[in-house]
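Here is the structure we will look at, set down as structure tokens.
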Amino acid sequence: MRSRLFRPLSRLALGAGFVSLLGIGGCQSLVERRYADSLPPEQGIVRLQGLADSVAVRRNAQGMPLIETRNYHDAMFALGYVHASDRLSQMLGMRLLAGGRLAEMHGPGVLEIDRFMRALSLKRSAEALLKSASPQTRQVFEVYARGVNAYLYQHRGKLPADIAATGYRPEYWTAQDSALLFCLVNFSLSTNLQEELAALSLAQKVGADKLAWLTPSYPDEPLPFEEAKKLAGLDLSGRVPGLAELSRTRTRIAGLLPLGVAASNNWAIAPQKSRHGKSLLANDTHLPLTLPSLWSFVQIRSPKFQAAGVSVAGLPAVAAGFNGKLAWSMTMVMADTQDLFLEQLKQEGGRLYYRSSDRWQPLRERQETFLVKGEKPRRETFYETAHGPLLNDALGERRHELQLSSRYGLALQSIPFDGDNSLDAFFRLSQAGSVDQAFAAAGELRAMALNLVFADAGHIGWQVTGRYPNRRAGIGLLPSPGWDGRYDWDGFADPMLHPYDQDPMQGWLGTANQRPVPRGYGMQLSNSWYSPGRAERIAELAGRGRHDTQSMIAMQYDQTSTFAARLKAMLEAPGMAGALRQAIDALPPAKAGQAREALTRLLAFDGRLAADSADAALYSAFLRESARQIFLDELGPDDGAAWQALLQMSDLSYSAQADHLLGREDSPFWDDVGTPQKEDKPAILARSLAAATAYLEQRLGSQHSAWQWGKLHPYRWISDGTRLAPYLSVGQRGELHALGGLLDRGPVPAGGDQDTLNAAAYRWGQDFDVWLAPSMRLVVDFAREEPMLGQIGTGQSGNPASPHYADGIDAWLKGQYASFPFKAQNLDKAYGTRRLLLVPTGR
């Protein structure tokens with residue numbers, strides 16, 4: 001039974017808390033003082049019930065903690081305590097989001113999000129994972145929870161100001177809460193649900209016959225015309241209730257927390273390619289620019305367990321890092337482990353039914369109770385088919401429409417977690433002492449689909465983890481008719497088929513969310529990959545010469561795009577060069593001059609997207625304008641569902657925008673439907689070249705040599721409070737805006753783009769604001785006395801008054817890394833001598 005000593009709190013209370021504080025004092029200085037009052041101490045003695053022995057916590061110059069214990073039990077207890085001291089609001093917000101309980105703090109305005117999360121029922125998944133875990137792992141989760149609760153109890157009268165100002169108090173943490181956060185993070189690693197929702201929006205606009213042109217898989221893959229036939233003949237217009245709301249809700253969830261879409265790089269260099277004869281490993285995970293980051297660094301030293309790396313507050317584990325013998329890292333596989341099914345529905349005798357083959361089956365029902373701030377509790381019915389929960393039914397305002405037989409339900413099928421030992425595998429990986437032991441642990445990691453790259457001093461390895469459905473027909477890229485059993489799942493791929501490699505002859509391994517296997521590989525991992533550009537650049541740089549720490553860091557900060565070279569090759573191709581120049585000549589004189597200049601500069605562009613580069617600005621403006629010239633006439637307006645769906649799909653995987661630029665001369669989208677004549681690819685590219693120059697003249701002025709990519713392309717770190725603003729009143733939004741200097745950071749000019757290793761992704765066809773970038777970086781060089789270096793993208797603390805709230809940004813921008821020493825004689829240099837001592841009560 002969950003304790004009710006504390007009342008629930010959402011991470012979103014950050015904004016509400018600031019508003020409450022402003023109402024009390026009306027000035028930013030008071031808010032800062034309230035936050036400063038709630039900062040936990042970094043030295044002294046704290047007595048806690050639940051410890052077996054004393055624990056020392058030291059922090060480095062950026063506030064990253066070193067936890068020193070005499071036993072593993074106390075290490076996990078102290079990790080829970082330290083996570084709560086650094087990121088309590090983040091932990092509680094993720095818990096309420098995952099459980100569909102945000103309305104408990106913020107009223108009916110967030111019920112749409114809560115309904116969606118209740119439909120997913122991550123709670124059931126968490127229960128299944130925890131039940132399948134070993135007694136030892138469950139004990140770790142329990143001990144960690146006691147550490148979190150020790151902090152909550154110790155600071156119950158001095159919680160962070162955003163919590164205290166609401167008048168609410170958080171309830172105790174449980175082992176199931178940590179499993180729930182694991183499921184939330186896992187849910188974010190599959191993007192196909194978002195793609196299938198976007199595909200339905202596009203199909204409603206252009207029809208199934210043209211949909212395949214907008215949903216390419218990869219440059220060398222055929223367009224999915226056969227897959228699109230699943231939707232042919234279906235009248236989708238107006239018959240998928242809640243689709244727009246469902247897409248918006250999924251986007252909102254990604255905006256509230258740094259989840260929902262992610263990308264990353266990792267690579268390892270074998271000893272024969274190392275300058276000093278020992279392996280190296282690098283990892284940088286890409287997430288939205290949020291304050292605080294999802295990640296926090298930690299180092300643990302105990303007699304039987306040592307590790308340093310990144311963790312997620314709320315989870316008792318080091319997710320990626322180094323343990324003295326093994327380094328391990330992760331990227332998304334881009335796995336397709338979710339399928340969306342259109343379900344035919346009807347009402348009969350007061351019950352709802354769905355069509356399964358030639359029979360009508362009753363929908364399964366379950367009841368959910370919502371506690372809504374300022375209102376009476378609501379009890380609502382949720383429906384499921386054999387494929388999974390009906391998601392569009394979960395959005396409340398249009399639930400009654402599902403009772404019409406002419407409407408479609410949208411059921412989500414995902415991987416079950418019954419009998420899954422992933423929690424155990426995650427711990428075994430962090431404790432592995434060699435690449436061989438890492439392979440053994442990774443082989444049991446079924447819940448998360450990851451590219452794990454690991455290294456010890458003499459070996460490197462790569463393993464794809466996860467669980468992948470076998471489909472009887474179709475490839476799962478687009479929604480399937482649920483009444484046609486041909487598209488059902490038929491078990492799962494044999495884990496022996498999961499791709500892996502060890503100590504390859506080329507001397508390196510790397511992943512960057514690209515398709516990691518050849519076309520036609522013996523099992524289906526996905527149909528959606530990011531553009532191969534970052535992976536191509538890893539191959540180019542990793543294969544060049546011998547490597548050390550500095551070359552690994554240089555790779556992480558590399559801003560050269562291989563897509564620019566592909567674009568140049570297309571523009572200079574024999575079938576394009578002459579036709580393009582003719583199309584430019586056919587433009588009005590002023591536009592023809594703009595287009596000629598743009599073409600000349602693009603052909604001379606070296607592909608390096610430095611923040612101060614004028615040609616990088618022109619290159620990016622051309623990508624923007626070409627997307628709009630190709631697609632906006634048929635998918636517009638700008639704020640319409642179809643255009644927004646195309647932009648969202650380009651965020652998630654290899655895009656139609658890139659695909660059309662590299663080829664697809666026969667695509668129907670080259671014709672501008674707004675003109676009487678029929679355009680072709682050269683005509684549209686000529687217009688795009690002219691439009692790119694005009695756009696930059698408008699934005700950056702007529703002096704072309706003074707253009708700078710970074711003036712268009714800023715980093716902005718957005719806080720939780722600012723992200724909450726859309727849910728508040730106009731007055732409250734204004735008050736939060738007044739606190740922007742305290743909560744948010746930026747703008748800072750950025751280089752790079754979505755195809756550079758130093759990723760700085762923007763929405764291709766919209767604006768150039770960076771929305772995705774490395775949220776952490778780590779490098780492990782086994783030839784160094786202290787192998788591991790790391791940096792965080794923002795700061796260690798979630799408290800705006802802390803000096804470590806955003807101090808990581810400057811080091812991140814400048815390429816400065818912190819050292820995580822494992823030798824006792826080097827600890828004082830990294831962490832100093834100030835200690836916070838956690839001691840058992842009674843001492």
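Quick note: the sequence shown uses the UniProt record's numbering, first residue 1, plus one each step. Idealized CB from N, CA, C, for every residue including glycine. This one's a predicted model, so the numbers in the text were calculated from it and none came from an experiment.
Based on the DSSP secondary-structure assignment, which residues constitute the bridge partners of residue i?
i: Gly321; result: Gly309, Trp328
i: Arg840; result: One point to set straight first is that residue 840 is Pro, not Arg, in the sequence displayed. Pro840 pairs with Leu48.
i: His547; result: Ser274
i: Lys346; result: Tyr353
i: Tyr500; result: Gln463
i: Gly790; result: Leu778, Ala818
i: Arg301; result: Glu68, Gln306
i: Asn283; result: Asn266, Leu778
i: Arg379; result: Thr369
i: Tyr408; result: Gln344
i: Asp339; result: Gln413
i: Gly510; result: Trp267
i: Gln361; result: Tyr354
i: Ser296; result: Ser311
i: Arg58; result: Leu66
Leaving out five residues on either side along the sequence, give the residues of the same chain with a beta carbon under 8 Å from the beta carbon of residue i.
i: Ala818; result: Asn60, Ala61, Gln62, Met64, Phe297, Leu789, Gly790, Gln791, Ala811, Ala830
i: Val318; result: Val298, Ile300, Ala307, Ala308, Gly309, Val310, Ser311, Ser430
i: Phe225; result: Ala212
i: Leu326; result: Ala432, Gly433, Ser434, Val435, Gln437, Ala438, Phe454, Ala455, Asp456
i: Leu587; result: Ala595, Ala686, Arg687, Ala690
i: Trp771; result: Pro288, Leu289, Asp651, Ala761, Tyr762, Arg763
i: Asp114; result: Gly100, Arg101, Leu102, Ala103, Phe370
Go ahead and pull the three-state DSSP assignment for residue i.
i: Met334; result: coil
i: Phe822; result: coil
i: His83; result: helix
i: Pro216; result: coil
i: Gln139; result: helix
i: Tyr805; result: coil
i: Gln194; result: helix
i: Arg398; result: Low per-residue confidence applies at Arg398: pLDDT is 44, beneath 50, and the placement is therefore not dependable enough to give any value.
i: Asn470; result: strand
i: Phe454; result: strand
i: Phe492; result: strand
i: Gly663; result: coil
i: Ile475; result: coil
i: Tyr172; result: coil
i: Trp771; result: coil
Spatial neighbours of residue i within its chain, please: C-beta separation below 7 Å, excluding the five flanking residues on both sides.
i: Ser667; result: Trp213, His660
i: His387; result: Phe341, Ala411, Gln413, Gly482
i: Arg601; result: Asp615, Leu618
i: Tyr557; result: Asn758, Gly815
i: Phe492; result: Arg467, Tyr468, Pro469, Asn470
Using CA coordinates, which residue listed in the options is at the minimum distance from residue i?
i: Gln204; options: Arg239, Thr511, Gln648; result: Arg239
i: Met505; options: Ser201, Leu102, Tyr468, Gly543; result: Gly543
i: Leu51; options: Glu142, Gly107, Ala232; result: Glu142
i: Gln514; options: Trp508, Leu231, Leu652; result: Leu652
i: Leu478; options: Ala198, Pro516, Phe822, Trp360; result: Ala198
i: residue 860; options: Gly793, Arg124, Gln766, Ala783; result: For residue 860 there is no data in the structure shown, the boundaries of the chain being 1 and 843.
i: Leu662; options: Arg87, Pro216, Thr191, Tyr153; result: Pro216
i: Arg95; options: Thr137, Ile809, Glu171; result: Glu171
For residue i, does the count of other Cβ atoms within 10 angstroms reach 16, so buried, or fall short, so exposed?
i: Asp37; result: exposed
i: Val779; result: buried
i: Arg699; result: exposed
i: Gln825; result: exposed
i: Thr385; result: buried
i: Glu348; result: exposed
i: Asp494; result: exposed
i: Asp420; result: buried
i: Val673; result: exposed
i: Gly842; result: exposed
i: Met332; result: buried
i: Pro41; result: exposed
i: Leu390; result: buried
Can you give me the Cβ contacts of residue i inside the same chain, cut-off strictly under 6 Å, excluding the 5 residues immediately before and after it?
i: His400; result: Low confidence applies here, because His400 scores a pLDDT of 47, under 50, leaving its location unreliable and the question unanswered by this model.
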